[in-house]
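Per full-length UniProt numbering, the sequence shown starts with residue 1, numbered consecutively.
Just so it is clear, CB atoms sit at the ideal spot from N, CA and C, and this is done for glycine as well.
To start, the structure itself, in C-alpha cells.
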Amino acid sequence: MAPIQPPDNTIRIGEWQAPSPDWLPTQARDWINDTAAGAEAQVATVLDSVGFPAGRSDRVSGATLAGAGVGGAVGAVVAAGPFAAVGAVMGGLIGGTVGGIAGAAVGTLVPVPILGTVTSGAFGTALGAAAGAAVGAAVAGIPVGFVGALAGGTVGAGFGAGVGEGQP
C-alpha cells in the first residue's frame, strides 16, 4: 500500500483527520502526516502479507493508527496531569523557600513594574516559586505522561485494530 496523501491543510493520522491549526508550522504538519502515512502503509503491507484482504488491511491499519494516536494523547494527559500539579506545588514550595532565603541574604530593594519596590527576599521567593513550580511539574509530569501515552496508545491501537471485526 502506498502512503495516503492527506487533504490540504489537514493533519491525518490513520482514519482520524482534523484541520491543521494556524500556529503549527507547515514543516511540522508535513512531518506528522508523512510519518503517520508511512506507518499506516507499513502496517497495511504487513497485514496484506499475512493474508488479510487488501481493503480490510487498509481499514484496520488506519483505525489502529488513529486509535494509538488518540489513546496516547488521552493517556498522557490523564496520567501526567495530577502528577504535574503535585510536582508544581512541591517545586514551588521548595523553590520559593530557597529563593526567599537567597534573596533575603542579598538584603536589597528590587524595583518591580506595577508593584513598585519589594525586598530582595520577596522577589527571590516569587522567582524561586515560579521556577520551582515549572521544574517540579516537568520532573513529575513528563515521565508519568510518557508511561500514560504508551499505555493509552496501546489500548487505543487495540481498539482500532478491532474495528469492523467480522467484516471482509
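Quick check: the Cα distance between residue i and residue j, rounded to an integer number of angstroms?
i    : j    : result
A85  : T117 : 31 Å
A161 : D22  : 31 Å
D34  : I4   : 9 Å
Q27  : L65  : 21 Å
D8   : T119 : 55 Å
A44  : A129 : 50 Å
P6   : G87  : 39 Å
W31  : A131 : 32 Å
P111 : I11  : 47 Å
G156 : A149 : 10 Å
Report the CB separation of residue i from residue j in whole angstroms; it is logged as a contact under 8 Å.
i    : j    : result
G136 : G92  : 7 Å
G95  : G121 : Actually they are not in contact, since the Cβ atoms of G95 and G121 sit about 14 Å apart, beyond 8 Å.
G72  : G152 : 5 Å
Determine the closest residue to residue i out of the options, with distance taken between C-alpha atoms.
i    : options               : result
A140 : V89, F52, D30         : V89
I13  : D48, V70, I94         : V70
A133 : T97, I101, P111, G67  : T97
G158 : G67, T125, A122, L127 : G67
Below 8 Å, is the gap between the Cβ of residue i and the nearest heavy atom of the ligand ATP?
i    : result
P143 : This structure lacks the ligand ATP; in fact it carries no ligand of any kind.
Query - Runs of beta strand (DSSP E) lying entirely within the region 53–139, each at least 3 residues, in chain order - result: DSSP runs (the beta strand (DSSP E)) wholly in the region 53–139: 109–112, 116–119.
**Report entry** Any 3 or more C-beta pairs closer than 8 Å across the region 115–133 and the region 58–71
**Finding:** Short answer: they don't touch.
Query raised in the report: Which runs of the beta strand (DSSP E) spanning at least 3 residues fall entirely within the region 11–54, listed in chain order?
Result: Within the region 11–54, the complete beta strand (DSSP E) runs of at least 3 residues are 16–19.
Query raised in the report: When the Cβ atoms of the region 137–155 are set against those of the region 67–76, are three or more pairs found closer than 8 Å?
Result: With a cut-off of 8 Å, the region 67–76 and the region 137–155 count as touching, because enough Cβ pairs lie within range.
Query raised in the report: Do the region 32–49 and the region 101–112 meet, that is, are 3 or more Cβ pairs less than 8 Å apart?
Result: The region 32–49, when compared against the region 101–112, does not touch it at the 8 Å Cβ threshold.
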